[in-house]
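Comments concern the structure below.
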Amino acid sequence: MSNKAVLVLGGGWGGLTAANELRRRLPPEYRVVVIEKQRNYSLRLSNLWIMAGERTNPNEGDRELSKLTTKGIEFLNGNIEKIDAASKRVEVSGRVLEADYLVIALGADLAPHEVPGFPESAYNLYDANHALRLQRALQEFTRGRIVTLITRTPFKCPAAPYEAAFLIGSLLIDKGVRAKVELALYTPEPQPMPVAGPEAGSIIQRMLEDANIPYFPRHTVRKIERESRRILFDGGETTYDLLVGIPPHVAPRVVREAGLADSSGWIPVNPATLKTSYDGVFAFGDVAAIRLPNGMFLPKAGVFAEAEARVIAENIASEVLGGEPRSRYDGDGYCFIEVGHGMAAFTSGNFYASPAPRLKFEPLSSEHYREKRRMESLLLDSWF
Ligand SMILES: Cc1cc2nc3c(=O)[nH]c(=O)nc-3n(C[C@H](O)[C@H](O)[C@H](O)COP(=O)(O)OP(=O)(O)OC[C@H]3O[C@@H](n4cnc5c(N)ncnc54)[C@H](O)[C@@H]3O)c2cc1C
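The number in the working numbering is simply the position in the sequence shown, starting from 1, with 2 added.
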């Protein structure tokens, strides 16, 4: 029996793109329902601007999700407690909903407690309120050691922690205290943005050297001691006066409990169609695991979620309208690396290329910086 409905689980970067694309393509009698636990949408790439002191209100770019209804998209505000992929049913705040298609865009949850000491010691860059507190701490910081710490992989936006380190460096230059502050970046990764390949990695490493930010790859944190301001790694330790952290990421609990995740911890999908192993059920964006020909996973970033959402919407619409679902995600993507003082680098290319992603790295320019700044309004205007 047809329910003439698509349930979009999660109203983030991917879910909002999917819902808008579906609405545009599906006949009016087909319902498109976004289910999201937050009332407002926040595009979190602005955390970097909050941290750097360019924004004082962390909710500046927020949009009310109820505005989606003006576009013919239904919005259900609630926590998705259960997903039954086989019957395409979900439970939201005790209510059961059923649809012809489930489009899962539930993203990645942050799990700071998975690193002992993290919640009480680090400013969590991926939390807007922490980014605001970090802004104040940086304004007062005049001497000492600031460590940017990536705790685990994968994490959202492979460039963001590097951008944070560069932006902090620029901020300290502007304050006239850079010479009195040591910066360092620790990560379990073997190089910056490993999926982008060795060339991009060495360019970013050189940029870190030029900015006098010592880089410590292959460092996996075990715990953080707040009292002594020490970070203990699997072999070795370091100290900090101010700690900027990227916490571990996990698939949302409802996804894990539904048995949708595999041993990677994320939902395996067909890389071209984003189909799960259940008929009519798609998963994409941060919650999905797409293994690349080189054995690495497609990074977690909004630009991928957006491109994947379009493919899913096109294929669902084709099927509903009696056609052949022919759209395929080809693996194209891009990323800006903002470094402060109005400059950003840019890398783009094909992540599905074999034997490894084929990307082009474009050096720092003010044009890339302006393009990155335009992203927020372009996205928000296209969704609301
Ligand atoms: C500081 C920072 C900078 C970034 N910069 C960039 C950038 O420059 N470029 C880029 O491409 N990406 C960037 N990203 C990454 C980007 O934000 C994510 O990759 C993107 O949002 C993923 O989209 P998604 O739809 O998969 O997940 P999300 O956008 O996270 O959406 C998932 C949604 O699901 C909801 N949800 C989860 N569980 C439930 C539940 N049980 N019930 C109801 N709702 C639920 C969540 O509330 C959330 O709204 C950045 C991220 C951060 C933190």
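Just so it is clear, CB atoms sit at the ideal spot from N, CA and C, and this is done for glycine as well.
Among the candidates the options, whose CA atom is the shortest distance from the CA of residue i?
i: N352; options: E321, L366, P273; result: P273
i: L173; options: G342, S68, T241, A130; result: G342
i: S230; options: E122, P156, D111, D264; result: E122
i: S95; options: A110, T19, L78, A101; result: L78
i: L244; options: V271, R145, I206; result: R145
i: R154; options: A113, E142, G178; result: A113
i: L366; options: T19, R26, A7, M209; result: M209
i: Q141; options: G55, V223, D212, I205; result: G55
i: V183; options: E191, K39, A213, P192; result: A213
i: P192; options: L50, M298, R57; result: M298
i: E116; options: V223, F363, S350, P29; result: V223
If the criterion is Cβ atoms closer than 8 Å, does the pair residue i and residue j meet it?
i: I215; j: L151; result: no
i: N42; j: E66; result: yes
i: R330; j: V305; result: no
i: V197; j: P160; result: yes
i: A107; j: G171; result: no
i: A139; j: I52; result: no
i: A291; j: K158; result: no
i: N1; j: K73; result: Any question about residue 1 goes unanswered here, given that the chain covers just 3 to 386.
i: A186; j: V149; result: yes
i: L134; j: P60; result: yes
i: G247; j: Y164; result: no
i: L300; j: A285; result: no
i: L276; j: E310; result: yes
i: L127; j: A167; result: no
i: A315; j: L24; result: yes
i: P156; j: K225; result: no
i: A20; j: A101; result: no
Please work out which residues of its chain come closer than 8 Å, Cβ to Cβ, to residue i, disregarding the five sequence neighbours upstream and downstream, and give them in chain order.
i: M3; result: Note on M3: pLDDT 42, under 50, position unreliable in the model; the coordinate value appears next. If we look at M3 and ignore the five residues flanking it on each side, it has no Cβ neighbours.
i: E76; result: R33, V34, V35, V36, L70
i: E373; result: F338, A346, F348
i: L11; result: G17, I37, I82, I85, V92, L104, V105, I106, A107, L108
i: G389; result: Outside the shown range of the chain, which is 3 to 386, sits residue 389, and nothing can be said about it.
i: V289; result: G12, I106, A107, L108, G109, A110, A253, P254, V257, W268, I269
i: E326; result: S320
i: E378; result: L45, L47, S48, G63
i: Q207; result: Q193, P194, Y217
How far does the alpha helix (DSSP H) with residue i in it reach, from first residue to last?
i: G96; result: Segment: none, G96 is in no alpha helix (DSSP H) and carries neither H nor E.
i: D212; result: 200-212
i: Y188; result: Run containing Y188: none in the alpha helix (DSSP H); it sits in the beta strand (DSSP E), 183-188.
i: F235; result: Not the alpha helix (DSSP H): F235 falls in the beta strand (DSSP E), residues 232-235.
i: L389; result: Nothing in the structure corresponds to residue 389, since the chain is present only between 3 and 386.
i: V257; result: 255-259
Could you pull out every residue in the same chain whose Cβ sits closer than 6 Å to the Cβ of residue i, ignoring the five residues on either side in sequence?
i: Y371; result: G344, M345, A346
i: L104; result: L9, K90, V283
i: H221; result: Y188, F235
i: G335; result: V305, F306, F353
i: Y242; result: R147, V149, R231
i: F218; result: Y188
Less than 7 Å between C-beta atoms, sequence neighbours within five positions excluded: which residues of the same chain meet that for residue i?
i: Y280; result: A87, A88
i: H132; result: Y125, N126
i: R57; result: S48, W51
i: G203; result: Q193, P194, M195, P196
Residue range of the beta strand (DSSP E) that residue i falls in?
i: Y371; result: Element bounds for Y371: not the beta strand (DSSP E) but the alpha helix (DSSP H), 368-385.
i: N61; result: Element bounds for N61: n/a, residue is neither H nor E.
i: S320; result: That residue, S320, is in no beta strand (DSSP E); its alpha helix (DSSP H) goes 304-322.
i: L78; result: 76-79
i: I82; result: 82-86
At the 8 Å Cβ level, is residue i part of the contact set with chain D, yes or no?
i: A311; result: No chain D appears in the structure shown, which is made up of a single protein chain.
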